[in-house]
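Novice:
Protein chains: 2
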Amino acid sequence: MNIGDVSTQTGLPAKTIRYYEDIGLVKPLRDDNGYRVFRSQDVHKLNFLGRARALGFTIEDCRTLMALYEDETRASADVKKVARAHLAQIEAKIADLNAMRDTLGHLVEACAGDDRPDCPILQDLGGEP
Amino acid sequence: MNIGDVSTQTGLPAKTIRYYEDIGLVKPLRDDNGYRVFRSQDVHKLNFLGRARALGFTIEDCRTLMALYEDETRASADVKKVARAHLAQIEAKIADLNAMRDTLGHLVEACAGDDRPDCPILQDLGGEP
DNA sequence: CTTGACCTTCCCGTGACTGGAACCCCCACT
DNA sequence: AGTGGGGGTTCCAGTCACGGGAAGGTCAAG
Chain A
5 MNIGDVSTQT GLPAKTIRYY EDIGLVKPLR DDNGYRVFRS QDVHKLNFLG RARALGFTIE
65 DCRTLMALYE DETRASADVK KVARAHLAQI EAKIADLNAM RDTLGHLVEA CAGDDRPDCP
125 ILQDLGGEP
Chain B
5 MNIGDVSTQT GLPAKTIRYY EDIGLVKPLR DDNGYRVFRS QDVHKLNFLG RARALGFTIE
65 DCRTLMALYE DETRASADVK KVARAHLAQI EAKIADLNAM RDTLGHLVEA CAGDDRPDCP
125 ILQDLGGEP
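If you read the sequences in order, they're chains A and B.
Quick note: the first sequence, position 17, residue 21 per this note's numbering, numbers continuous.
Quick note: the second sequence, position 82, residue 86 per this note's numbering, numbers continuous.
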């Protein structure tokens with residue numbers, strides 16, 4: 005399978021797939037003409053990566069998870085550890101964003117949004133009481 | 005005031021302040037020795053920027069907001085528009101992260117986290133039903 | 001006079017790609 | 001035999017908002 009077909013099958017842009025090869029996440033074969041040739045296990049790996057990335061795991065986490073996936077003697081505790089650390093990061097991020105949304109939401113509601121210059125948003129940013 | 009004092013006062017790293025000068029967000033004066041000299045209005049601007057960044061506005065948004073802040077003839081509608089667009093982005097991001105948290109949370113809960121290899125997290129990533 | 005805390009500029013690196021240039025390969029059509 | 005188009009390839013540059021660190025100038029204290 006060539007990269008275009010793999011891109012269609014996995015939903016990953018060809019550029020991304022090449023990048024994943026670059027950083028050693030996937031190792032397709034090469035045809036005589038230099039084209040990448042993907043076996044089904046490569047496609048499987050790419051799907052794995054796509055799902056892991058969709059869950060927000062970093063590339064390095066993906067590398068770790070892939071290694072665990074391929075290691076028959078893994079301990080599920082190791083997988084869980086990675087996942088829980090990431091989950092904690094997500095939750096921290098959500099908390100940050102919720103705080104932003106609350107503050108910004110109040111400010112937006114308080115702003116008249118007309119043609120006059122008075123604006124509680126700018127007042128807040130300007131540090132006015 | 006030199007950059008170190010400004011850094012202390014605003015809580016912004018000196019590197020960040022220099023960067024903000026680089027991209028034209030602040031224009032401190034220069035002493036004979038080449039040191040940056042910040043007036044109170046510069047510090048005020050930097051505090052403004054710090055608060056806007058803390059609310060997650062992009063640098064370009066900050067630039068826009070600063071311009072509006074300094075424009076006495078602004079319409080608050082313009083400010084509100086920028087803020088609401090950003091709020092929408094925040095909410096979209098929160099929705100994404102909530103989805104990730106839910107999925108990942110279920111998977112983490114379902115994982116035994118022991119020394120055996122069986123792991124619903126990897127099963128999910130691997131696309132197993 | 002030296003030490004050490006400042007300050008300066010400059011350049012590289014980050015994460016995870018994305019866009020684009022310049023070029024090669026293959027098949028179909030005229 | 002040429003040509004066109006739709007693949008593929010590499011490599012370079014850019015994104016965003018800084019942070020690290022090198023190499024060197026400046027200043028106040030001891």
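Glycine is no exception: its CB is placed at the ideal position from the N, C-alpha and C atoms.
Among N51/B, G60/B and L129/B, which has the Cα closest to the Cα of R11/B?
Specialist: Indexing the second sequence from 1 puts residue 11/B at position 7. According to the sequence shown, residue 11/B is Ser rather than Arg. Ranking N51/B, G60/B and L129/B by Cα distance to S11/B puts N51/B first.
Novice: Threshold first: 4 residues or longer. Then list the alpha helix (DSSP H) segments lying entirely within the segment 61-125 of chain A, N to C.
Specialist: Counting only runs of 4 or more, we get 63-74 and 80-114.
Novice: Verify whether the separation of the beta carbon atoms of Y24/A and L53/A is less than 8 Å.
Specialist: In the first sequence, the residue the question calls residue 24/A occupies position 20. In the first sequence, the residue the question calls residue 53/A occupies position 49. A contact, by the Cβ cut-off of 8 Å.
Novice: Return yes when at least one heavy atom of the ligand ADP lies under 7 Å from the C-beta of T12/A, else no.
Specialist: As far as ligands go, the structure on display features none, and thus does not contain the ligand ADP.
Novice: State the Cα-Cα distance for the pair A89/A and V41/B, rounded to the nearest angstrom.
Specialist: Numbered from 1 along the first sequence, position 85 holds the residue referred to as residue 89/A. Numbered from 1 along the second sequence, position 37 holds the residue referred to as residue 41/B. Looking at the two C-alpha atoms, the distance is approximately 44 Å.
Novice: Could you spell out where the alpha helix (DSSP H) holding D9/A opens and where it closes?
Specialist: Taking the first residue of the first sequence as 1, we reach residue 9/A at position 5. Per DSSP, D9/A belongs to the alpha helix (DSSP H) from I7 to T14.
Novice: Answer with yes or no whether the minimum CB distance from V112/A to chain B is below 8 Å.
Specialist: Taking the first residue of the first sequence as position 1, residue 112/A is located at position 108. It does: the Cβ of V112/A has a partner Cβ on chain B nearer than 8 Å.
Novice: Answer yes or no: do P121/A and C115/A have a C-beta to C-beta separation smaller than 8 Å?
Specialist: For the purposes of this step, residue 121/A is taken as residue 117 along the first sequence, with counting starting at 1. For the purposes of this step, residue 115/A is taken as residue 111 along the first sequence, with counting starting at 1. No, Cβ-Cβ distance for P121/A and C115/A is not below 8 Å.
Novice: Should Y73/B be labelled buried (16 or more other beta-carbon atoms within 10 Å of its own) or exposed?
Specialist: As a first step, residue 73/B must be located in the second sequence, where it is residue number 69. Buried, because 16 or more other Cβ atoms sit within 10 Å of the Cβ of Y73/B.
Novice: Which residues in chain A have a C-beta closer than 7 Å to the C-beta of D122/B? List them in chain order.
Specialist: Looking up residue 122/B in the second sequence gives position 118. Here the neighbours are S80.
Novice: Going by DSSP in three states, V47/B sits in which element: helix, strand or coil?
Specialist: As a working note, residue 47/B is residue 43 in the second sequence. In this structure, V47/B counts as helix in the three-state DSSP scheme.
Novice: The alpha helix (DSSP H) with E25/B in it runs from where to where?
Specialist: As a first step, residue 25/B is located in the second sequence; it is residue number 21 there, counting from the start. Element bounds for E25/B: A18 to D26.
Novice: Would C66/B pass as a contact of A81/B if the rule is Cβ separation under 8 Å?
Specialist: Position 62 of the second sequence holds residue 66/B. Position 77 of the second sequence holds residue 81/B. Cβ atoms of C66/B and A81/B: not closer than 8 Å.
Novice: Could you have a look at L59/A and say whether DSSP puts it in helix, strand or coil?
Specialist: The residue labelled residue 59/A in the question sits at position 55 within the first sequence. Correct three-state label for L59/A: coil.
Novice: Please tell me whether I63/B has its Cβ less than 8 Å away from any Cβ of chain A.
Specialist: Indexing the second sequence from 1 puts residue 63/B at position 59. No - not a single Cβ of chain A is within 8 Å of the one on I63/B.
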